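**Student:**
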Amino acid sequence: MTRKDFYIDLLPQRNFLNYAKNPGRVREEILAHLKRYDSPLCIIDEIQKIPALLDEVHELIESKGIRFILTGSSARKLRRGGANLLAGRAYTYHLFPLTFTEIGGQFDLDKALKIGTLPVLWGSQEEDSHEFLRSYTETYLKEEIAAEGLVRNIGPFAQFLDIAAANDGETVNFNNIARECAVSVKTVQQYYQILEDTFLAFKLPAWTRSERRRLVSHPRYYFLDTGVTNALAHTLTDQLNPIIVGRRCEQFVICQLM
Numbered sequence: 104m105t106r107k108d109f110y111i112d113l114l115p116q117r118n119f120l121n122y123a124k125n126p127g128r129v130r131e132e133i134l135a136h137l138k139r140y141d142s143p144l145c146i147i148d149e150i151q152k153i154p155a156l157l158d159e160v161h162e163l164i165e166s167k168g169i170r171f172i173l174t175g176s177s178a179r180k181l182r183r184g185g186a187n188l189l190a191g192r193a194y195t196y197h198l199f200p201l202t203f204t205e206i207g208g209q210f211d212l213d214k215a216l217k218i219g220t221l222p223v224l225w226g227s228q229e230e231d232s233h234e235f236l237r238s239y240t241e242t243y244l245k246e247e248i249a250a251e252g253l254v255r256n257i258g259p260f261a262q263f264l265d266i267a268a269a270n271d272g273e274t275v276n277f278n279n280i281a282r283e284c285a286v287s288v289k290t291v292q293q294y295y296q297i298l299e300d301t302f303l304a305f306k307l308p309a310w311t312r313s314e315r316r317r318l319v320s321h322p323r324y325y326f327l328d329t330g331v332t333n334a335l336a337h338t339l340t341d342q343l344n345p346i347i348v349g350r351r352c353e354q355f356v357i358c359q360l361m
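See the structure below:
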């Protein structure tokens with residue numbers, strides 16, 4: 104990012120309230136910025152917090168040819184709120200944890216299985232990594248789930264996260280999880296969809312040649328990072344037993360192939 108570029112972060116409450124009350128304000132500010140700098144790059148972080156801004160972005164792309172970088176940590180509000188998704192006018196990129204090839208000669212499998220490969224953690228002390236991962240998962244519950252109102256009751260969802268992490272990579276039995284969380288099967292399925300929409304986990308469908316069997320077979324879900332899984336499963340400080348090591352190895356390999 105250079106001095107001439109225009110940047111907005113919607114995470115601070117003051118910024119969020121300013122643009123939520125008046126989405127057109129972003130257009131006014133960008134046009135004013137355009138008078139000072141030629142061909143700026145406009146960056147809006149956490150765009151999912153105010154989907155209405157996408158209409159302003161669309162208009163500025165069409166009328167002024169302005170280039171945008173829009174970042175976000177969840178697609179749920181955009182997809183389900185009827186937001187303008189800029190079809191045909193935007194490229195979508197997903198940023199995943201580091202691969203072992205990106206880490207290079209510093210790669211350590213034991214470390215990767217324990218704390219994962221989020222860029223901010225690689226090279227930090229193990230205790231600092233543990234604290235960051237705990238904070239990361241708490242922030243996910245507080246900012247992504249509770250603050251965005253993605254679930255009505257945060258308690259059962261928090262319990263679901265514990266269970267989902269403990270069973271990472273296992274064939275999902277929605278009925279058993281529903282019983283443990285004291286919610287309906289449909290709610291558990293919605294919880295897993297939230298994990299996908301907030302880019303915390305992904306679904307691996309059951310493989311079968313039969314289309315009919317594929318529809319009724321139970322999928323597996325994998326969290327996108329082994330460190331996040333350990334934080335949610337409360338195994339960060341534990342000596343991983345052979346069964347858990349095997350699961351994390353499987354998770355790591357599959358995540359590397361994503």
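Note that the sequence shown covers residues 104 to 361 in this note's numbering.
Ideal placement from N, C-alpha and C gives every residue a C-beta, glycine not left out.
The model shown is predicted, which means the values in this text are computed figures rather than measured ones.
Check the DSSP bridge columns for ASP112 and list the partner residues they point to.
**Tutor:** Along the sequence shown, read from residue 1 onward, the residue named residue 112 stands at position 9. DSSP output for ASP112 lists ASP148 as bridge partner(s).
**Student:** In angstroms, rounded to a whole number, what distance separates the CA positions of TYR243 and ASP231?
**Tutor:** The residue given as residue 243 occupies position 140 in the sequence shown. The residue given as residue 231 occupies position 128 in the sequence shown. Going from the Cα of TYR243 to the Cα of ASP231 covers about 18 Å.
**Student:** Enumerate in chain order the residues of its own chain whose CB-to-CB distance from GLU132 is below 6 Å, with the five nearest sequence positions on each side excluded.
**Tutor:** Here the question's residue 132 lines up with position 29 in the sequence shown. Excluding positions up to five away in sequence, the list is empty.
**Student:** On the CB-based measure, 16 or more other CB atoms within 10 Å of its CB, does VAL254 come out buried or exposed?
**Tutor:** As a first step, residue 254 must be located in the sequence shown, where it is residue number 151. Answer is buried; the Cβ neighbour count reaches 16.
**Student:** Any heavy atom of the ligand NAD closer than 7 Å to the Cβ of SER142?
**Tutor:** Only the bare structure without any ligand can be found here, which leaves the ligand NAD out of the picture.
**Student:** Indicate the three-state DSSP secondary structure (helix, strand or coil) for PHE326 in the structure shown.
**Tutor:** As a first step, residue 326 is located in the sequence shown; it is residue number 223 there, counting from the start. Reduced to three states, the DSSP call for PHE326 is strand.
**Student:** Looking at the secondary structure, which residues open and close the alpha helix (DSSP H) in which THR240 lies?
**Tutor:** Start at 1 with the first residue of the sequence shown, and residue 240 comes out as number 137. That run of the alpha helix (DSSP H) goes 229-242.
**Student:** Flag this pair as yes or no: are the beta carbons of VAL362 and PRO308 separated by less than 8 Å?
**Tutor:** In this structure the chain extends from 104 to 361, so residue 362 is not present and cannot be described.
**Student:** Just the C-alpha distance for PHE105 and LEU335, rounded to the nearest angstrom, thanks.
**Tutor:** Taking the sequence shown and counting its residues from 1, one reaches residue 105 at position 2. Taking the sequence shown and counting its residues from 1, one reaches residue 335 at position 232. Note that residue 105 is Thr in the sequence shown, not Phe. C-alpha separation (whole angstroms): 38 Å.
**Student:** Would you check if the segment 153-168 and the segment 282-296 touch, i.e. whether three or more CB-CB distances between them fall below 8 Å?
**Tutor:** Output reads no: the segment 153-168 does not touch the segment 282-296.
**Student:** For GLU234 and THR240, I'd like the C-alpha separation in whole angstroms.
**Tutor:** Reading the sequence shown from its first residue, position 131 is the one you call residue 234. Reading the sequence shown from its first residue, position 137 is the one you call residue 240. When rounded, the distance between both Cα atoms is 10 Å.
**Student:** Are the segment 110-120 and the segment 147-156 touching by the rule of at least three beta carbon pairs closer than 8 Å?
**Tutor:** Touching, yes.
**Student:** Measure the C-alpha to C-alpha separation of PRO222 and ASP341 and round it to an integer number of angstroms.
**Tutor:** One-based indexing of the sequence shown puts residue 222 at position 119. One-based indexing of the sequence shown puts residue 341 at position 238. Distance between the alpha carbons of PRO222 and ASP341: 23 Å.
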